[in-house]
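Residues -18 to -1, 1 to 450 (mature numbering (1 follows the signal peptide of the UniProt record, and there is no 0)) make up the sequence shown, in order.
In this text, a Cβ means the ideal position worked out from N, Cα and C, and glycines have one as well.
Here is the structure we will look at.
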Amino acid sequence: MKTKITFIFLFVCFKMFSQNTFLPVLMSISSVNEMVDPEFYPRGIQNTERLTTFFTKLKVLQSTQKGKLNIVHIGDSHIQGDIMTAVCRNKLQKNFGNAGRGLVFPYTLAHTNGSPDVRFSSNVKWTNYRNILPLNGSPVGISGISLTSKSKSLRLTLQVKNKDYFFNTLKIITPNNESLFERAGEVEKMVTIKTVPKKVVHTIKKGETLSTIADHYNVSTAKLKKENKLTSTKITAGKTLKIPTNQTSEKSVVNTKYHSETFEEDMNYHFFESEKPLDRFVLLPNKEASLYALNGVVLENNNPGIIYHNIGVNGAKYSDYNKYPLFFDQLKALEPDLIIVSLGTNESYGKIAPLDYLRQVQEFLLKVRTQNPEADVLIITPPPSFLPHHRLNTFVDEYAKSLVSYASLGHYAVWDLFQTLGGMHGVSKIYGKGLMNPDRVHYTTNGYQLQGNMLSNVLLNAFKEFNK
C-alpha cells in the first residue's frame, strides 16, 4: 500500500513582549556540513523519493515565506532530554523560520527529566503513568506519559525561558479532546495583613554565655535551649541563636485570585490565541470535570516556518507506543508533515529477534499512516551501543540492516545512523572521542549534539538534491 507519511522523528534508547514577525536570513545550504566531526561524516538518506511531499512543502515555504510545517520527533531518553532535537530544531529553524517551540510536557511534575527551555509548576501533586508500563486504563497519549489530578483547586503554570519561543497560540491536548481545563484570565490580587510571631536572631559574641544571653532577652535558659535544640549550655562565638519571644509583627500577604475563561475548541485540541506574544500561561480546572488529564501543550507563534516537536519516554520501544491507541489518535493534533522514527536500542537489550522487531516497526507505520495519510516518514537506525558487560550488540546491527533492506517495501526513507557512527565496531572510537558515556549505551551531551548536527545536515543535503 503506497501511503504518504509525515516525518515524525522517533528516537528510542534506554534509558506580553515584543517579537520579530519576519523570517530569519536563510543559511546557505552549501554550508550545512559545518559542526560535524569529519570522522563521522554522515551517510546520506536513502530512498529520498519518499520525502517528496515534505520537500515540496518545504520548497514552497522557502520561496514564499508563508505557512508552517510540522516535524514530529519521537523517541526515548535521547529525545525526552531534548539535546539532539534542540540542535536539529535550531538549525532547521535558522534555515526556514521559527514558527514555535511545538509540543511541551510537564516532565518535572511526572518526576522525570525534560527540556530546560520550558518550566512547569503546580500547586498540587499529579499522578503519572508511562507507556513502558503495562496497560491499566491510564490515558497515555501523545507525550507517552499520562498526567492526572482530581484536585478542583489545581493550578498549572507554564513559563517559557527562551525568548525565541514566546508564543501567540497555545493548544491543549486531552483524552478524546475533552474540555478539562480553563485558562486563567483576569487576575485579582488581595492584600491582607496578618499578625505573625516576631523573629529575633542573636549572633553570639566572644565571651557571652547562654545564661547572659537569656537574661538579656528576659527568657529562661531552658526555653533558649529548647528553641535552638541544644543539649548543653555550650555555645560558639559567631554562631546564631533564635530567641523565643511573645512579641508580634505585622506581615502583608498577597492572595492571587484567577478568573477562569474557557478555551476555543478545534477538532483535535482546545486553544487560545493572543495578539501579543506570551512567556507565561496558567491552566485552571474545568469544575464540571471530575478527573483532569493532560497529554500535552503546543506552543506556536505568528511567524511562518518550522515547528519541531520532540516526544520521548525513557526506555521506550516500538511495542510501547503500539499498545496505546490514544498516542496515534492524538498525533493528528500536531498536524505532522515529517515523521522520523528511530527505535531499537531498548529492543536490543530485550534481545528481541530482528523479525519480531520488524513486525513492531510495520505495526507502528500502519497506525501512523492510518491517522496521518498525507505525512512522509523517515526511519533512523539505532546508534551503535554495547550490551551489558560491554559485549558487542549484534542486535542493533541486525535491526539496522533490516530497516535499510525493508525501506523500499515499507515506503519510507531511511538514514543509517548505525553505520554513520562506525557500525558494530564503532563504539570504541565513539567512546574515545568523549561522545559516549561509560555504559557504552547512552551518549554524552556532545554525542547527542553531534547526532543533531548530522541529522539536520542529511535533511538539508537531501533537500538540496531535491531542488536540483
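When only Cα atoms are considered, D358 and A395 end up about 8 Å apart.
Closest in alpha carbon position to T35, among K132, L320 and V423, is L320. Of the other Cβ atoms in all chains shown, 16 or more fall within 10 Å of the Cβ of E329; this residue is therefore buried. A buried status is given to H424, since no fewer than 16 other beta-carbon atoms sit within 10 Å of its beta-carbon.
The three-state secondary structure of N80, taken from DSSP, is strand. 8 Å or more divides the Cβ of L316 from the Cβ of N113. If you draw a straight line from the Cα of G84 to the Cα of K383, it is about 33 Å long.
Out of T427, I361 and L403, the CA that lies nearest to the CA of T30 is found in I361.
When DSSP states are grouped into helix, strand and coil, V142 belongs to the strand group.
Between I225 and V183, the beta carbon gap of about 7 Å places them in contact (Cβ cut-off 8 Å).
Judged by DSSP in its simplified three-state form, Y251 adopts coil rather than helix or strand.
L136 is a Cβ neighbour of S104, given a cutoff of 8 Å. In this structure, C70 sits away from S324, with a CB-CB distance that is not shorter than 8 Å. Taking a cut-off of 8 Å on C-beta distances, the region 275 to 291 touches the region 81 to 95, as three or more cross pairs fall below it. At a Cβ-Cβ threshold of 8 Å, F253 and T185 do not count as neighbours. Note on the region 323 to 378: whole alpha helix (DSSP H) runs with a minimum of 4 residues are 327 to 331 and 336 to 353, in chain order. For T194, the enclosing alpha helix (DSSP H) starts and ends at L192 to H198.
Taken atom to atom, the span from the alpha-carbon of Q431 to that of P364 is near 16 Å. Shortest Cα-Cα distance from L276 to any of F448, T67, S120 and V440 involves S120. The continuous stretches of beta strand (DSSP E) do not include Y394, and DSSP gives it neither H nor E. About 38 Å separates the CB atoms of L43 and P267; that is not less than 8 Å, and the two are not in contact. The beta carbon of M66 lies closer than 8 Å to those of F(-8), H60, Y430, Q431, Q433, G434 and L437 in the same chain, with the five residues before and after it left out.
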